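Whatever position you read off the sequence shown (first residue = 1), add 24 for the numbering used here. Just so it is clear, CB atoms sit at the ideal spot from N, CA and C, and this is done for glycine as well. All of these numbers come straight from a predicted model, not from anything done at the bench.
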Amino acid sequence: MVVKSWIQRFQNYLAGNHPRFPGVVAAAVALGMSQLGYWQQLEQLGYNALFKIRPPIGWDEGIAVIAIDQASLQEYGQFPWPRARYTQLLQALKKSPPAAIGFDILFVAPSPLDAAMAQAIADQSNVVLSVAWDAEGKLLPPVPVLDKAAANVGHILHDPDKDGISRQATVFVESLPALAPAMLDVYKTRAGVQLALPKPVAGEKMPKVWINWPGTTQALPTYSFADIAEGRVDPSIFANKLVLIGPTATGIDPLRSPLNQNPPTSGVYLHAALIDNLLNKRLLQRTPEWADILLLLVIGAGTSWLLFNRQLKERVVIGFILPPAWFAVALTAFIWGNLWLSVAAPIGTILLAGLGVQLREQYEKQQLMNLFAQHVAPEMAEVIWERKEEIFENGELEAQELTATVLFMDIRGFTTISESLAPRELLTWLNLYLDAMASCIMEHGGVIDKYIGDAIMAVFGIPFPQAQEEDVKRDATAAIAASVAMHERLQVLNERFKEENRPLIRFGIGIHTGPVIAGTIGGAQRLSYSVLGDTVNVAARLEAMTKNLTSDSPYQILLTDRTFGYVSDLYAGQEFGAIQLRGKETETMVYSILGKLPVEAG
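The structure is reproduced here in structure tokens:
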């Protein structure tokens, strides 16, 4: 049984009948959009928003920047400068040696002053120089004399996203480290500290990491190059610190971060941020692809489950709550776990799942309306839709065993009448009659089961099971009331037919209350809702027996004793006779309806 249940659930998933199916489809669509890059720009905006909302985590106090700023350019002239300026700076720093010094500047062209600068570099023994590549991909190392004097070299490549914001850092180009890990390697050796640094990744030429920007670049201690070189600032503030030297003046090496977009900051701060992250083990983490897939599936299925069988107002409220709720989850993970969860794709999945549930419901409602619209009044169809969970299971209308009152009615002498009318006239006459009778049935809560030529089969008590006897009594009463109303409406219709020289109509009605099987019948292309069972046969048999009623009988209605028992307090009846019903050992008394009992004075 368990295996069969799971097989049924799987089949329902494949058929799209499971309440979570729209969410699974939404997740699949969101994943496809992600693979095609449709979420990228929105995810980048989400990344920016997370940084702007999160309180700054603060820069590591052991990092400082010596800036080639606007003031230094005004004092020393336009950039690039002669080697003597850097030699002067290194000599000033020698008084209180930093833990490591990194130049975010290329020294690729030889200079007569290289020897003096090389000596200053060697005296520090902790200087890391930069390398880069030209447009053709050729490596641009420092001049040999400086390269030999340096403690290490690191590349200064950075690759901003399409929107110009730097979110990642390339930690290696093959085996060549970036400036930040190269400096930390020197620091690790000199300070004798345990420090886990990234290593080259086999098979990955340019591995990248996500930068966890500690704050705005204005919050990082930054000093003017000229002030340090000229001795206007005490160099002891750099003792045992990781010092980066690079341009920050406008127009030289601009860089945009999520916290510094307009105006942009400078590339040297990317290296500072990477040093901070590696030093404090707080690189921004991203969920692996398999986790993203699982996350979207859970969000999609969960959204569908939350929205399933909800009123539209409830869905709107939930729809307004879920996206900011997910953003709050992402922000919490960002603040407390340095984890960047996708924002756009999950929110997109929520919206797509909501749309999917709504479209699925509209489709199901249309299917249900198509199934019931020809059987019941529009108001009843809406009630069926509102209570659909009582009769639908996994999106399918389940067969039900219930107690109902079945009504059969047929025109007397229809064959003779049909032979006397032209086809078009016959159809017009018949449709006027059927429309009037069907309206009476629907007005009293009945369901038109089917039209059989000139005959109508109607059922009272479906599609919702009647658990209490008073419910069955109500349905039986409605069937009799509808029958009486049809007789009265037929009188009005016959007056019209008489004026139009059309044939007058007489009909008979048979009614029985009992068990039926209700459900959909037919192929996938042509389904109809109907009831089956011996109760239907009994009602049809009674209808045929109305031919034996006298013409002066006020109502041509026959019903079984069971049905009459439900309405005997409201309608006067007369014994018609006993019949032998199939499966019954004793005969069943049949009654004819004489009319509604007078209301007693209160």
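Annotation for A368: W63, L66, E67 and G70 place their beta carbon closer than 6 Å to its own, counting only its chain and skipping 5 residues before and after. Remark: C-beta atoms of L426 and P489 approach each other more closely than 9 Å. By DSSP's assignment, K474 forms a beta bridge with M481.
By the Cβ rule, the region 290 to 306 counts as touching the region 261 to 280, because three or more pairs are nearer than 8 Å. Annotated as distal: S554 and M433, with beta-carbon spacing of 9 Å or more. With three or more CB-CB distances shorter than 8 Å, the region 169 to 177 counts as touching the region 141 to 153.
The beta carbon of N176 sits closer than 7 Å to those of V152, A206, D209 and V210, all from its chain and outside the five residues before and after it, given in chain order.
Of the candidates H468, P487, L517 and L336, the residue whose Cα lies closest to the Cα of A460 is L517. Pairing N264 with G86 gives a Cβ-Cβ distance under 9 Å. If you check the CB distance, I359 and S281 do not come in under 9 Å. Pairing Y590 with A500, the inter-Cα distance amounts to about 7 Å. Going by beta carbons, R498 and T537 fall outside the 9 Å limit.
Each of I180, A357, V197 and A377 was checked against the Cα of V53, and the nearest Cα belongs to A377. Rounded to whole angstroms, the separation of the alpha carbons of P278 and H179 is 17 Å. Taking the Cα of L320 as reference, the smallest distance to any Cα among R339, A226, L375 and N236 is reached at L375. For G126 and A296, the gap between their C-alpha atoms comes out near 10 Å. Counting along the chain, W157 sits inside the beta strand (DSSP E) bounded by residues V151 to W157. When Q242, A352 and Q102 are compared, the shortest CA-CA separation from A73 is found for A352. Setting aside the 5 residues that flank it on each side, K232 is surrounded in the same chain by Q192 and T194, each with a C-beta closer than 6 Å to its C-beta; the list follows chain order. Pairing L594 with I504 gives a Cβ-Cβ distance under 9 Å.
Between L365 and the set R306, P312 and Y110, the nearest pair of CA atoms involves P312. P168 is bridged by DSSP to nothing; it lacks a bridge partner. For Q64, the enclosing alpha helix (DSSP H) has its first and last residue at Q64 to I77.
The beta carbon of L605 sits closer than 7 Å to the beta carbons of V562 and T612 from its chain, once the five residues preceding and following it are set aside; these are given in chain order. The beta-carbon separation of L203 and L302, rounded to 12 Å, does not stay under the 8 Å limit for a contact.
Of the residues assessed, E519 falls on the exposed side of the cut-off, its CB having fewer than 16 other CB atoms within 10 angstroms. The alpha-carbon of L308 is positioned some 15 Å away from that of P79.
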